[in-house]
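> Using the working numbering, read the sequence shown as starting at 74 and increasing by one per residue.
No residue lacks a Cβ here, since even glycine has one placed at the ideal position from N, Cα and C.
Shown below is the structure under consideration.
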Amino acid sequence: MKPLVLALPKGRVHEEAVALFARAGWDLSATLGDTRLLVHDVAGLRVLVVRSADVPTYVEHGAADLGVAGRDVLEEDGADVYRPLDLGIGACRLSVAEPAGRPVDDRALAHVRVATKYPRLTRRWLESRGRFAEIIKLSGSIELGALTGLADRIVDLVSSGKTLAANHLREVEVILPVTSALVVNRASLKLRGAEIDAIVGRLRAVV
Ligand code: PRP
74 MKPLVLALPK GRVHEEAVAL FARAGWDLSA TLGDTRLLVH DVAGLRVLVV
124 RSADVPTYVE HGAADLGVAG RDVLEEDGAD VYRPLDLGIG ACRLSVAEPA
174 GRPVDDRALA HVRVATKYPR LTRRWLESRG RFAEIIKLSG SIELGALTGL
224 ADRIVDLVSS GKTLAANHLR EVEVILPVTS ALVVNRASLK LRGAEIDAIV
274 GRLRAVV
């Protein structure tokens, strides 16, 4: 039998995911560190380390059977994956922020620009508030969008709040509380259900 393929997100959630899997009995620590290797055969699994926003894509298309994905990317992407378990790791929030010294007046009808990596969630938030704004898509260092005047506000992840504070940005509103979940490819669930159930069960016991 081929090993199950697990997609882990590069970056800060990677370490937390490895710690959680260790508690459940899988030592995936070989996937950490500054290795350039992208595919790891460890602990009976094949582990792919991918950009966090790409985890749902790998799982939805079956290139990975399982993955660890944040609620932010799952909701932005709308991927059709099974989500059996919230892992409680990678806790942060998706928030609107603006320069502390240049607040947006929500009552004014001025043209507002919002920079973000999350255009769909930003659009959804604007619509829920009955507001209109131009959305400017960025791929990283979103805070710079507001600092340079490219945008009036940003929508980005906030964890400790240190990045906002260091750049004199003020959190205006939380749009979405975020944690990471275990996601499973729908076909894999049918074809390899027993193995996947065992993994979900062992993780559930330590979450
Ligand atoms: C994330 C996020 C913020 C920062 C928030 O960026 O986009 O910039 O972390 O964390 P804090 O509240 O603890 O300061 P990341 O480092 O993942 O890189 P990116 O800006 O390129 O997305």
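Please check the pair THR104 and VAL86, which I expect to be a contact at CB under 8 angstroms, by giving their CB distance rounded to whole angstroms.
Locating residue 104 in the sequence shown gives position 31, where the first residue counts as 1. Locating residue 86 in the sequence shown gives position 13, where the first residue counts as 1. Not really, about 12 angstroms apart at Cβ, beyond 8 angstroms.
> Check whether the Cβ atoms of LYS235 and GLY213 sit closer than 9 angstroms, and answer yes or no.
The count along the sequence shown starts at 1 and reaches residue 235 at position 162. The count along the sequence shown starts at 1 and reaches residue 213 at position 140. Cβ atoms of LYS235 and GLY213: not closer than 9 angstroms.
> Closest to TRP198 by CA distance: which of HIS184, THR221, ASP229, LEU182 is it?
Along the sequence shown, read from residue 1 onward, the residue named residue 198 stands at position 125. Here the closest residue by C-alpha is ASP229.
> Beta carbon of ILE248: closer than 8 angstroms to some heavy atom of the ligand PRP?
Mapped onto the sequence shown, residue 248 falls at position 175. False, no ligand heavy atom lies under 8 angstroms from that Cβ.
> Just how far apart, CA to CA, sit ARG124 and ALA181?
Taking the first residue of the sequence shown as 1, we reach residue 124 at position 51. Taking the first residue of the sequence shown as 1, we reach residue 181 at position 108. When rounded, the distance between both Cα atoms is 38 angstroms.
> Per DSSP, THR189 forms a beta bridge with which residues?
Taking the sequence shown and counting its residues from 1, the one referred to as residue 189 is at position 116. Note: THR189 sits in a beta bridge opposite LYS210, VAL228.
> Less than 9 angstroms between the C-beta atoms of VAL257 and ASP138, yes or no?
What you label residue 257 is simply residue 184 of the sequence shown in a count that begins at 1. What you label residue 138 is simply residue 65 of the sequence shown in a count that begins at 1. Yes, they are a contact pair.
> Between the Cα of ARG226 and those of ARG186, SER232, ALA254, spot the shortest distance and give me the residue it belongs to.
Counting from 1 along the sequence shown, the entry for residue 226 is found at position 153. Among ARG186, SER232, ALA254, the Cα nearest to that of ARG226 is on ARG186.
> Evaluate THR130 with the Cβ neighbour count: other Cβ atoms within 10 Å of its Cβ, from every protein chain shown; 16 or more gives buried, anything less gives exposed.
Sequence index remark: in the sequence shown, residue 130 carries index 57 (1-based). That one is buried.
> Please report the residue range of the beta strand (DSSP E) in which HIS134 lies.
In the sequence shown, residue 134 corresponds to position 61, counting from 1. From DSSP, HIS134 is part of no beta strand (DSSP E); its letter is neither H nor E.
> Which runs of the beta strand (DSSP E), 3 residues or longer, sit entirely within the region 95-180?
Complete beta strand (DSSP E) runs here, min 3: 112-115, 118-123, 139-143, 155-172.
> What are the boundary residues of the alpha helix (DSSP H) that includes LEU217?
Here residue 217 is taken as the residue at index 144 of the sequence shown, counted from 1. First-last of the alpha helix (DSSP H) with LEU217: 216-220.
> Cα separation between SER232 and CYS165?
On the sequence shown, position 159 is the one that residue 232 refers to. On the sequence shown, position 92 is the one that residue 165 refers to. Taking the straight line joining both Cα atoms gives about 5 angstroms.
> How big is the Cα-Cα spacing for SER150 and ARG96?
By 1-based counting over the sequence shown, the position of residue 150 is 77. By 1-based counting over the sequence shown, the position of residue 96 is 23. The amino acid occupying residue 150 in the given sequence is Asp; Ser does not appear at that position. When rounded, the distance between both Cα atoms is 29 angstroms.
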